[in-house]
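Heads up, the sequence shown is in the numbering used here, so the first residue is 206 and it goes up one at a time.
Heads up, the beta-carbon is just placed ideally off N, CA and C, and yes, glycines get one too.
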Amino acid sequence: MPWIQIRVGCDETKVKKVSSMLQGAGAQAVTYMDAQDNPIYEPPLGTTKLWANTVVIGLFEADVDPFRIVHFIEKNLDSQVQCKVEQLEDKDWVREWMEHFHPMQFGKKLWICPSWCEIPDKNAVNVMLDPGLAFGTGTHPTTAMCLEYLDGFDIKGRTVIDYGCGSGILAIAALKLGAGKVIGIDIDPQAIQASRDNAVRNGVSENFELYLVDERPAGLQADLVVANILAGPLRELAPLLSTLVKDHGHIALSGILETQAQEINGIYGQWFDMTAPNIREEWCQLSGIKK
Numbered sequence: 206m207p208w209i210q211i212r213v214g215c216d217e218t219k220v221k222k223v224s225s226m227l228q229g230a231g232a233q234a235v236t237y238m239d240a241q242d243n244p245i246y247e248p249p250l251g252t253t254k255l256w257a258n259t260v261v262i263g264l265f266e267a268d269v270d271p272f273r274i275v276h277f278i279e280k281n282l283d284s285q286v287q288c289k290v291e292q293l294e295d296k297d298w299v300r301e302w303m304e305h306f307h308p309m310q311f312g313k314k315l316w317i318c319p320s321w322c323e324i325p326d327k328n329a330v331n332v333m334l335d336p337g338l339a340f341g342t343g344t345h346p347t348t349a350m351c352l353e354y355l356d357g358f359d360i361k362g363r364t365v366i367d368y369g370c371g372s373g374i375l376a377i378a379a380l381k382l383g384a385g386k387v388i389g390i391d392i393d394p395q396a397i398q399a400s401r402d403n404a405v406r407n408g409v410s411e412n413f414e415l416y417l418v419d420e421r422p423a424g425l426q427a428d429l430v431v432a433n434i435l436a437g438p439l440r441e442l443a444p445l446l447s448t449l450v451k452d453h454g455h456i457a458l459s460g461i462l463e464t465q466a467q468e469i470n471g472i473y474g475q476w477f478d479m480t481a482p483n484i485r486e487e488w489c490q491l492s493g494i495k496k
């Protein structure tokens, strides 16, 4: 089925209003993109950071009158926006999207496989996880480095805490690699549900505990704590994460820019003997052993 796309360029103060207008006009989906390619790496916790110049994109079925919608938006915003109407090619967009994702290998024995793909190596450790809009699927360098770390870690029978578990990709990989027990912790209830669903899909839910941050039991400790979040939260969480690691246990951190590695290594060096950063593109992964 063909689609019509309405792109509205505006400043960040008008994004929510434009989004509401597009939804009210019958948009099947509304997305945001940066108008000037300015990356945002670390929005404050609990916020949705928008770019100063944002393009709000509404996707409509082809039988709508796009110019009526554009006129309505411009009239209500005093023409302080830039609107563009585009007709999208009639194609199977789901199949188009699926063709961009293939099984990915991390380390020597770990694979992340979309559900619609044939497993490349049935004797490998295979995690079935479909790409989504959030939470992590292995395509980002930070997640990839954590997966490779887990693949090379002596994890058999160990207890692991995945702090900021998101989709559960690291926790599930740890369980499939032989961890005895994994505890996933996140601030987002949707992440907890995503982790739970993916664990069931991979047959590892029995040894997987999940908690919202404020509901985690007191006294939790693990042989390994992994936290693939961002440098800002890692700074704030350093005292807490250090208490979650057993004496002589391990910590693995990611979501850190290369320029932030020295600072974060220094902070965690209060409790851990930290190793040199593992760097990929502009990101890095840090690890250490508790003193």
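With a threshold of 16 other CB atoms inside 10 Å of the CB of I274, please say whether the residue is buried or exposed.
buried
Inspect the CB distances between the region 469-484 and the region 400-416 and report whether three or more fall short of 8 Å.
Inter-segment contact for the region 469-484 and the region 400-416 is absent: fewer than three beta-carbon pairs are separated by less than 8 Å.
Closest by CA to L334, which one among L375, K361, I360?
L375
Report the partner residues of L293 according to the DSSP bridge assignment.
W208
Suppose you measure from the CA of A457 to the CA of E487; what does that come to, to the nearest Å?
18 Å
My assumption, with CB atoms under 8 Å, is that G362 sits in contact with G389. Please give the rounded CB distance.
Not confirmed; about 18 Å, so no contact.
With a 10 Å radius around its C-beta and 16 neighbouring C-beta atoms as the bar for buried, classify A432 as buried or exposed.
buried
Identify whether F306 lies in helix, strand or coil by the three-state DSSP scheme.
Secondary structure of F306 (DSSP, three-state): coil.
For the region 462-475 against the region 419-429, are there 3 or more C-beta pairs whose distance is under 8 Å?
no
Taking its Cβ as the centre, do 16 or more other Cβ atoms sit within 10 Å of W321, making it buried, or is it exposed?
Exposed, since its Cβ has fewer than 16 Cβ neighbours within 10 Å.
Can you name the residues that DSSP bridges to N403?
Answer by DSSP bridge pairing: none, since N403 is not bridged.
In terms of residues, what are the limits of the beta strand (DSSP E) holding I469?
Element bounds for I469: not the beta strand (DSSP E) but the alpha helix (DSSP H), 466-473.
Considering only residues of the same chain and omitting the five flanking positions on each side of K219, which have a CB-CB separation below 8 Å?
Closer than 8 Å at the Cβ level, and outside the excluded window around K219, lie L282, Q285, V286.
Which residues share a DSSP beta bridge with S492?
Beta-bridge pairing links S492 to A457.
By how many angstroms is the C-alpha of T236 removed from the C-alpha of E463?
29 Å
Find the nearest neighbour of I360 within the set I377, S372, T348, judged by alpha-carbon distance.
I377
Taking the straight line between their C-alpha atoms, what separation do you get for A230 and S492?
Rounded to the nearest whole angstrom, the C-alpha separation of A230 and S492 is 50 Å.
Taking the runs of the alpha helix (DSSP H) that are 4 residues or longer, which of them lie wholly in the region 310-359?
346-356
Mind checking which residues open and close the alpha helix (DSSP H) that includes E217?
Unbroken run through E217: none, as it is neither H nor E.
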